[in-house]
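Trainee:
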Amino acid sequence: MRSEKAIEKIKIDLREEQRDYEIIIGAGLLNRLDKYIGQLYQGKKIFLVTDENVMKFYGEQVKEVLSSAGYEITLYVLPAGEEAKSSPYLKKGYDYLLENNFNRDNLILALGGGVVGDLAGFLAATFMRGIPFVQIPTTLLAQVDSSVGGKTAINHPRGKNLIGAFYQPKMVLIDPGFLQTLPVRELRTGLAEVLKYGFIVDRDLLDFMAGHREEILNLETAALTRIIQTSCRIKAAIVREDEKEKGMRALLNFGHTIGHALEAVTEYKKYTHGEAVAIGMVAAGELSRSVENLEKAEVDYLKELIRAYGLPLSCQYGEGLKEVYERLFYDKKVQKNKLRWILLKELGAAYIDEGVDNKIVKEVLEGIM
Ligand code: ADP
Ligand code: ZN
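Here my numbering is used: the first residue of the sequence shown is 60, the next is one more, and so on.
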């Protein structure tokens, strides 16, 4: 048996005790879900939301662990992919919850990537004004990013994540073992966010990523656990400071201004989120060099790490400069043509810069086209 020492708990302290919760990280958690869920839930009924792929790999095992502990599972299997994050699947979820007599004393469990977490989380936030919710993220991106922080949403035909709520789960259970079946492109997209944490606040994480590339890409448990723990600790610390995204939390947008623009102009069909963000981080690195004199050696190291993890350094699909540039200003947070850049003073130290000349932005964009 594995010792309890292999389990790390990160407390999310939201200054209101009844909303505090823990992120629990450890290999093999999958087989002990019942134990952790039992600590916070005394009822029997569980609404388990997942998608077809995750169902195929882990559905039976999760059902088995929970049923043998006496839980009654109602299963809601979404199609895999972004289309599930939409009002038809939300409505189906409400219908299903009502048909099966769920109420605020029951529990919703999200087993899957960001899509499942976002849909199930918004369902939980809104069903009867809020029903308890536990996340079991199964992609690296969800484990290090979307499952931590309490953002939930569905898409609208006019844009992504336009309908949503901040709603904190009761617990997040992270088992790196899920990553063994994850397609490599999905793994890399998560690694881009891990690198991002390093670039903005943690130089040691970057050195670890540089020194343990083989172990990480070979999905070795110890290395994966380490990068997930570090990422969650960083995100937790930032969210704790700034739950509703007023200050510090903006640093998490490093690489995302240009990343989001690239995703949008390619209609979310060409790049994964992490690939677009990787290019965005290269651009933000170059921009930092232009305005803040970030040393060339540092920019080179940033690029080297991105390349080492199989992520792109420049645009791949002949996107037009004008189109990408104009997209930068579409963001709901942009005011008066002034972009809010997250730049680096050095690797591991980000800051917010609202005074960057748009001419320099264009020059940097040219460089990554
Ligand atoms: P993300 O977490 O990257 O936002 P998704 O929820 O869309 O995105 O998941 C990405 C893809 O990976 C989906 O096709 C999903 O079904 C699949 N997936 C999720 N978790 C796993 C896993 N552990 N093993 C294999 N495939 C998975
Ligand atoms: Zn991101």
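For each residue, glycine too, the CB sits at the ideal point set by N, CA and C.
First and last residue of the beta strand (DSSP E) that includes tyrosine 410?
Mentor: That run of the beta strand (DSSP E) goes 408 to 412.
Trainee: Is threonine 240 close to the ligand ADP? I mean its beta-carbon at under 7 angstroms from any heavy atom of the ligand.
Mentor: For the ligand ADP, at least one heavy atom lies less than 7 angstroms from the Cβ of threonine 240.
Trainee: Would proline 147 be called buried (16 or more neighbouring beta carbons within 10 Å of its own) or exposed?
Mentor: Burial call: exposed.
Trainee: Tell me which same chain residues have a C-beta within less than 6 angstroms of the C-beta of lysine 68, skipping the five on either side of it?
Mentor: Result list for lysine 68: Glu81, Ile83, in chain order.
Trainee: Short of 6 angstroms in beta carbon distance, which residues of its chain neighbour arginine 348, apart from the five on each side in sequence? Order them along the chain.
Mentor: If we look at arginine 348 and ignore the five residues flanking it on each side, its Cβ neighbours are Val358.
Trainee: Can you tell me whether arginine 61 is buried or exposed, with buried defined as 16 or more other CB within 10 angstroms of its CB?
Mentor: Bear in mind that a pLDDT of 47 at arginine 61, under 50, signals an unreliable position, so the model cannot answer this.
Trainee: Glycine 85: which of Gln202, Arg188, Glu123, Glu142 sits nearest, CA to CA?
Mentor: That would be Gln202, whose Cα lies nearest to the Cα of glycine 85.
Trainee: What distance in whole Å lies between the Cβ atoms of methionine 230 and valine 193, which are believed to be in contact at a cut-off of 8 angstroms?
Mentor: The Cβ separation is near 5 angstroms, so the contact holds.
Trainee: Cα separation between valine 420 and threonine 211?
Mentor: Cα to Cα, the separation comes out at about 31 angstroms.
Trainee: Determine which residues share a DSSP beta bridge with phenylalanine 225 and list them.
Mentor: Looking at the DSSP assignment, phenylalanine 225 forms a beta bridge with Lys210.
Trainee: Leaving out five residues on either side along the sequence, give the residues of the same chain with a beta carbon under 8 angstroms from the beta carbon of alanine 342.
Mentor: Excluding residues within five positions, the ones whose Cβ falls inside 8 angstroms are Gly314, Ile317, Val423, Leu424, Gly426, Ile427.
Trainee: Regarding glutamate 385 and the ligand ZN, is the C-beta to nearest heavy atom distance less than 7 angstroms?
Mentor: No, the beta carbon of glutamate 385 sits no closer than 7 angstroms to any heavy atom of the ligand ZN.
Trainee: By DSSP, does isoleucine 401 sit in helix, in strand, or in coil?
Mentor: Looking at isoleucine 401 - three-state DSSP - the assignment turns out to be strand.
Trainee: How many angstroms separate the CA atom of glutamate 63 from the CA atom of glutamine 239?
Mentor: With a pLDDT of 49 at glutamate 63, under the threshold of 50, the modelled position of that residue is not reliable, and no figure is offered here.
Trainee: Around the ligand ZN, which residues pass a check of Cβ closer than 6 angstroms to any of its heavy atoms?
Mentor: This selection yields Asp204, Glu252, His315, His332, Val336.
Trainee: Between Lys404, Ala408, Gly339, which has its C-alpha nearest valine 383's C-alpha?
Mentor: When each option's Cα is compared against that of valine 383, the closest is Gly339.
Trainee: Considering only residues of the same chain and omitting the five flanking positions on each side of tyrosine 99, which have a CB-CB separation below 7 angstroms?
Mentor: This sequence places leucine at residue 99; tyrosine is not what is there. For leucine 99, where only same-chain residues beyond five positions count, the Cβ hits under 7 angstroms are Lys229, Met230.
Trainee: Does DSSP put leucine 372 in a helix, in a strand, or in coil?
Mentor: In this structure, leucine 372 counts as coil in the three-state DSSP scheme.
Trainee: Could you tell me the boundaries of the alpha helix (DSSP H) in which tyrosine 148 lies?
Mentor: Element bounds for tyrosine 148: 146 to 158.
Trainee: List the DSSP bridge partners of methionine 230.
Mentor: DSSP output for methionine 230 lists Glu81, Val193 as bridge partner(s).
Trainee: DSSP state of serine 62, grouped into three classes?
Mentor: For serine 62, the predicted structure reports a pLDDT of 49, less than 50, and the residue's modelled location is therefore unreliable. A value from the coordinates is still provided. Serine 62 falls in the coil class under three-state DSSP.
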